[in-house]
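Colleague: Okay, handing you the structure first.
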DNA sequence: CATGCACGCTCAATCGATTTAGCAACATTG
DNA sequence: CAATGTTGCTAAATCGATTGAGCGTGCATG
């Protein structure tokens with residue numbers, strides 16, 4: 001039966017509780033924040049106050065508490081989107097691990113908009129976040145610089161920057177392995193292997209460039225010359241991938257490297273209406289359980305989110321992370337067999 | 001070139017800026033929060049202070065600001081998971097719409113854990129959130145009661161409660177329509193239609209009950225007797241759905257109503273190893289673009305997230321929402337054709 | 001009986017920004 | 001020249017919780 005007993009609708013403060021308990025605000029404060037034994041408050045008083053606090057529906061005002069204390073325990077994260085499993089897993093795991101360390105996670109989604117990324121970072125700094133994790137940001141260095149001036153630590157995740165330590169996937173290795181797999185399967189199923197298509201991502205994006213590098217190397221290894229006009233980097237949205245494919249002809253059997261599940265949506269939508277499906281083999285960077293069931297999908301490169309966040313929190317906990325640190329973690333290649341049965 | 005010019009590493013405050021500018025903290029405060037014209041500060045002073053603030057990398061301390069002001073502009077949301085498109089879309093749209101209304105959204109993910117749901121709510125109240133949106137909570141009324149005592153408005157989303165206005169889908173109608181579709185397609189493809197399976201969700205969960213009601217009605221309409229042992233409600237995780245199916249035999253052609261995409265993952269994983277796939281037709285509550293490509297999938301009931309959030313923010317903006325309000329919005333039925341080609 | 005100490009508490013300053021009240025200087029008006 | 005108004009600012013209280021310093025009481029000890 002929580003309730004403030006019919007008096008004002010304002011939230012009760014320690015002063016209200018002190019008055020009701022016939023005690024002092026400082027006693028009430030220490031009782032409610034657990035330091036009362038250290039301050040030699042009797043358990044009789046403590047119990048009385050805690051009972052009253054519960055009756056009044058008291059909840060500490062963290063605004064006031066944090067203003068006075070030196071630490072906020074807030075750890076912020078900006079994340080581009082929640083529309084795929086990769087970022088969903090990052091956000092979820094981040095919150096879980098932050099809580100496990102008695103930190104208060106605040107995650108905010110910035111829609112891949114550079115301005116919003118910066119504004120959100122500024123907001124989190126104003127909120128007294130002690131650490132800011134910058135995930136997949138367009139311009140992480142701008143944010144790192146601003147945060148450094150404000151005395152807030154930043155760590156880059158997914159996309160690296162040069163002004164704060166970065167934790168990311170081995171995009172090169174993951175893409176190379178995935179490309180190898182696509183080539184092998186295409187050869188296996190069709191005999192001949194024309195150069196693969198590369199679809200999705202942005203040409204100034206570090207991860208896209210690294211994946212493209214892995215893609216090239218795997219072509220070289222296989223003795224294939226890749227054709228530059230099959231490299232399409234229109235951004236990450238399904239619509240962009242779809243649009244980039246409009247008007248193209250897939251006349252022969254071929255393999256496609258899809259750079260993110262979100263681009264995959266557009267690719268599949270386009271292919272659905274345009275190509276004989278049995279003449280295509282796909283591989284996709286990032287993991288999605290349903291995308292894995294597409295029979296044309298020969299494999300996915302899953303980024304190791306738990307490992308990435310484990311490293312991230314190692315940096316958070318440790319004294320220092322060097323701005324030049326760049327930690328790359330291997331991807332998990334998930335080959336998919338055509339016999340998986342759900343066709 | 002933000003930076004505090006080599007002096008202490010502490011964040012600069014309005015007092016620091018005032019000292020540098022040879023002005024007073026109150027002038028600095030009003031200049032930085034935009035009320036300076038009203039307070040008749042000269043533009044000469046204002047420009048000087050703003051220049052210094054930029055140089056020093058000043059960012060307002062919202063903890064202090066909000067403590068003093070009456071309003072925090074924070075709107076909190078708790079959400080169970082980020083592992084599916086439905087909740088991902090909710091979180092994303094919520095943040096977008098909150099920002100458009102000059103509110104500061106704080107979303108936190110509670111893993112379908114009732115204790116965590118309550119703790120997160122308590123934390124958001126302590127953060128002085130003015131409104132709390134309780135999404136898909138196990139026990140929304142407990143949270144609503146606590147928040148009411150603390151003077152914080154709550155609105156339920158997705159799962160209804162009795163102590164705060166609720167915005168949700170017409171789960172009954174959506175499930176009825178989806179069941180009709182599954183029955184039709186099963187009949188069309190196989191001739192005979194045995195009672196459908198119902199898989200996923202929790203038996204005490206309002207939405208699951210409503211969907212089951214729609215499921216029953218559609219059976220009645222079609223003159224089918226449904227069999228209770230085909231109703232499996234082991235929760236929402238893929239593993240639970242998988243486990244619930246273990247040991248069962250799907251001897252004849254059949255249709256399956258899957259209660260959420262997340263359960264769908266488990267169902268599909270199980271079916272993949274166990275049943276002749278061409279003897280199954282599925283329908284799934286909630287939308288997922290890749291799940292939509294499964295050839296056995298005859299349709300999905302998409303919840304209308306933009307409409308739900310539009311209604312939600314209507315309540316947020318309006319003076320009052322009645323605790324007994326329960327707004328149900330129609331789902332969008334997305335029938336899928338077997339000719340969609342991606343087989 | 002004076003001294004010391006443990007106990008159980010209270011006082012008051014403090015965190016950083018906001019805001020009401022008001023002051024000093026100057027200009028304008030009657 | 002006095003009264004009044006305008007301009008451009010400052011002083012100080014305030015939001016709610018925290019915390020170092022300190023106070024009064026009771027009991028044990030020498």
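Residue numbers (the UniProt record's numbering), protein chains in the order written: chain P, 1 to 343; chain B, 1 to 343. For glycine and all other residues, C-beta sits at the position ideal for the given N, C-alpha and C.
1. Would you kindly work out how many angstroms separate the C-alpha atoms of residue 118 of chain P and residue 159 of chain P, rounded to a whole number?
2. Thinking C-alpha only, which one of B:120, B:65, B:135, B:110 is nearest residue 94 of chain B?
3. Rounding to the nearest angstrom, what Cα-Cα distance links residue 281 of chain B and residue 88 of chain B in this structure?
4. Please name the residues in the segment 282–293 of chain B whose beta-carbon is closer than 8 angstroms to at least one beta-carbon of chain P, in chain order.
5. Checking 8 angstroms against the spacing of the C-beta atoms, do residue 257 of chain P and residue 196 of chain P come in under that value?
6. Report the residue ranges of all beta strand (DSSP E) runs contained in full by the segment 7–80 of chain P; include only those spanning at least 3 residues, in chain order.
7. When we look at the beta-carbon of residue 252 of chain B and count the other beta-carbons within 10 Å, is it buried (16 or more) or exposed?
8. For residue 154 of chain P, I'd like the list of residues in its chain whose CB is within less than 6 angstroms of its CB, leaving aside the five on either flank, ordered along the chain.
9. Along the chain, where does the alpha helix (DSSP H) that runs through residue 223 of chain B open and close?
10. Please tell me whether, using a cut-off of 7 angstroms, the distance from the CB of residue 215 of chain P to the nearest non-hydrogen atom of the ligand MN is below it.
11. Evaluate the contact criterion for the segment 289–297 of chain B versus the segment 315–323 of chain P: three or more CB pairs, one atom per stretch, below 8 angstroms.
12. Can you tell me where the alpha helix (DSSP H) with residue 84 of chain P in it begins and where it stops?
13. Would you mind sorting residue 239 of chain B into buried or exposed? The rule is 16 or more other CB atoms within 10 Å of its CB.
14. So, residue 120 of chain B versus residue 183 of chain B, is the Cβ gap smaller than 8 angstroms?
15. Taking only beta-carbon positions, decide if residue 331 of chain P is within less than 8 angstroms of chain B.
16. In terms of residue numbering, what span does the alpha helix (DSSP H) encompassing residue 367 of chain B cover?
17. Of the choices P:306, P:311, P:312, whose alpha-carbon is the least far from that of residue 332 of chain P?
18. For the segment 57–88 of chain B, list every residue whose C-beta sits within 9 angstroms of some C-beta in chain P, in sequence order.
19. Which of the three DSSP states, helix, strand or coil, is assigned to residue 166 of chain P?
20. Give me the chain B residues within the contact set of residue 254 of chain P, using Cβ-Cβ distance strictly less than 9 angstroms, ordered along the chain.
21. So what does DSSP say about residue 251 of chain P, is it helix, strand or coil?
22. In angstroms, rounded to a whole number, what distance separates the CA positions of residue 288 of chain B and residue 267 of chain P?
23. Below 8 angstroms on the Cβ atoms is my guess for residue 106 of chain B versus residue 106 of chain P; work out the distance and round it to an integer in Å.
24. So, helix, strand or coil for residue 154 of chain B, using DSSP?
25. What does the alpha-carbon distance come out to for the pair residue 191 of chain P and residue 103 of chain B?
26. What in chain P is Cβ-close to residue 265 of chain B, meaning under 7 angstroms?
27. Are residue 92 of chain P and residue 82 of chain B touching if we call contact CB-CB under 8 angstroms?
28. My assumption, with CB atoms under 8 angstroms, is that residue 303 of chain P sits in contact with residue 325 of chain P. Please give the rounded CB distance.
29. Would residue 186 of chain P be called buried (16 or more neighbouring beta carbons within 10 Å of its own) or exposed?
30. Taking DSSP as the reference, what is the three-state secondary structure of residue 191 of chain B?
31. What are the partner residues of residue 202 of chain B, as DSSP defines its beta bridges?
32. In whole angstroms, what is the alpha-carbon distance linking residue 1 of chain P and residue 55 of chain P?
33. Rounded to whole angstroms, how far is the Cβ of residue 219 of chain B from the Cβ of residue 130 of chain B, which I believe are closer than 8 angstroms?
34. Any C-beta of chain P sitting closer than 8 angstroms to the C-beta of residue 104 of chain B?
35. So the candidates are B:151, B:17, B:241, B:71; which of them puts its Cα closest to the Cα of residue 202 of chain B?
36. Using a Cβ cut-off of 8 angstroms, pull out every chain B residue sitting near residue 11 of chain P, in sequence order please.
Modeller: In short, the structure shows the following:
1. Locating residue 118 of chain P in the first chain gives position 118, where the first residue counts as 1. Locating residue 159 of chain P in the first chain gives position 159, where the first residue counts as 1. When rounded, the distance between both Cα atoms is 15 angstroms.
2. Here residue 94 of chain B refers to the residue found at position 94 when the second chain is read from its first residue. Considering only alpha carbons, the answer is B:135.
3. Here residue 281 of chain B refers to the residue found at position 281 when the second chain is read from its first residue. Here residue 88 of chain B refers to the residue found at position 88 when the second chain is read from its first residue. Approximately 27 angstroms between the Cα atoms of the pair.
4. 288, 289, 290, 291, 293
5. By 1-based counting over the first chain, the position of residue 257 of chain P is 257. By 1-based counting over the first chain, the position of residue 196 of chain P is 196. Yes. Within cutoff.
6. 74–79
7. As a working note, residue 252 of chain B is residue 252 in the second chain. With fewer than 16 Cβ atoms within 10 Å of its Cβ, residue 252 of chain B is classed as exposed.
8. Taking the first chain and counting its residues from 1, one reaches residue 154 of chain P at position 154. So the qualifying residues of the chain are 132, 134, 144, 147, 164.
9. Counting from one through the second chain, the residue named residue 223 of chain B turns up at place 223. Element bounds for residue 223 of chain B: n/a, residue is neither H nor E.
10. No copy of the ligand MN occurs in the structure displayed, which carries no ligand at all.
11. no
12. Taking the first chain and counting its residues from 1, the one referred to as residue 84 of chain P is at position 84. Neither: residue 84 of chain P is in no alpha helix (DSSP H) and is coded neither H nor E.
13. One-based indexing of the second chain puts residue 239 of chain B at position 239. With fewer than 16 other Cβ atoms within 10 Å, it is exposed.
14. Stepping through the second chain from its first residue, residue 120 of chain B is reached at position 120. Stepping through the second chain from its first residue, residue 183 of chain B is reached at position 183. Result no, Cβ atoms of residue 120 of chain B and residue 183 of chain B do not sit closer than 8 angstroms.
15. As a working note, residue 331 of chain P is residue 331 in the first chain. It does not: the Cβ of residue 331 of chain P has no partner Cβ on chain B nearer than 8 angstroms.
16. The first residue shown for chain B is 1 and the last is 343, placing residue 367 of chain B beyond what the model contains.
17. For the purposes of this step, residue 332 of chain P is taken as the residue at position 332 of the first chain. Measuring from the Cα of residue 332 of chain P, the nearest candidate turns out to be P:306.
18. 57, 58, 59, 60, 61, 62, 63, 64, 65, 66, 67, 72, 81, 82, 83, 84, 85, 87, 88
19. Position 166 of the first chain, counting from 1, holds the residue named residue 166 of chain P. In the structure shown, residue 166 of chain P sits in a strand (DSSP, three-state: E or B).
20. Position 254 of the first chain, counting from 1, holds the residue named residue 254 of chain P. Residues of chain B passing the Cβ test: none, with the nearest at roughly 16 angstroms.
21. Counting from 1 along the first chain, the entry for residue 251 of chain P is found at position 251. In the structure shown, residue 251 of chain P sits in coil (DSSP, three-state: anything other than H, G, I, E or B).
22. On the second chain, position 288 is the one that residue 288 of chain B refers to. On the first chain, position 267 is the one that residue 267 of chain P refers to. Answer to the nearest angstrom: the Cα atoms are 15 angstroms apart.
23. Along the second chain, read from residue 1 onward, the residue named residue 106 of chain B stands at position 106. Along the first chain, read from residue 1 onward, the residue named residue 106 of chain P stands at position 106. At roughly 6 angstroms, the Cβ-Cβ gap stays under 8 angstroms, so residue 106 of chain B and residue 106 of chain P are in contact.
24. As a first step, residue 154 of chain B is located in the second chain; it is residue number 154 there, counting from the start. In this structure, residue 154 of chain B counts as strand in the three-state DSSP scheme.
25. Sequence index remark: in the first chain, residue 191 of chain P carries index 191 (1-based). Sequence index remark: in the second chain, residue 103 of chain B carries index 103 (1-based). Approximately 58 angstroms between the Cα atoms of the pair.
26. Residue numbering aside, residue 265 of chain B sits at position 265 when the second chain is read from its first letter. By Cβ distance, chain P contributes 289.
27. The residue you call residue 92 of chain P lines up with position 92 of the first chain. The residue you call residue 82 of chain B lines up with position 82 of the second chain. Result yes, Cβ atoms of residue 92 of chain P and residue 82 of chain B sit closer than 8 angstroms.
28. Translated into the one-based positions of the first chain, residue 303 of chain P becomes position 303. Translated into the one-based positions of the first chain, residue 325 of chain P becomes position 325. 19 angstroms between Cβ atoms; not a contact.
29. On the first chain, residue 186 of chain P is found 186 positions in, with the first residue counted as 1. Answer is buried; the Cβ neighbour count reaches 16.
30. The residue labelled residue 191 of chain B in the question sits at position 191 within the second chain. Coil.
31. The count along the second chain starts at 1 and reaches residue 202 of chain B at position 202. According to DSSP, residue 202 of chain B bridges with B:234.
32. For the purposes of this step, residue 1 of chain P is identified with residue 1 of the first chain, where counting begins at 1. For the purposes of this step, residue 55 of chain P is identified with residue 55 of the first chain, where counting begins at 1. Note that residue 1 of chain P scores a pLDDT of 38, beneath 50, so its modelled location is shaky and nothing firm can be said.
33. Taking the first residue of the second chain as position 1, residue 219 of chain B is located at position 219. Taking the first residue of the second chain as position 1, residue 130 of chain B is located at position 130. That pair is no contact at about 45 angstroms.
34. Counted from its first residue, the second chain places residue 104 of chain B at position 104. For residue 104 of chain B, the answer is yes, since a Cβ of chain P falls inside 8 angstroms of its Cβ.
35. Here the question's residue 202 of chain B lines up with position 202 in the second chain. Cα-wise, what sits closest to residue 202 of chain B is B:241.
36. The residue you call residue 11 of chain P lines up with position 11 of the first chain. The answer, in chain order, is 150, 151.
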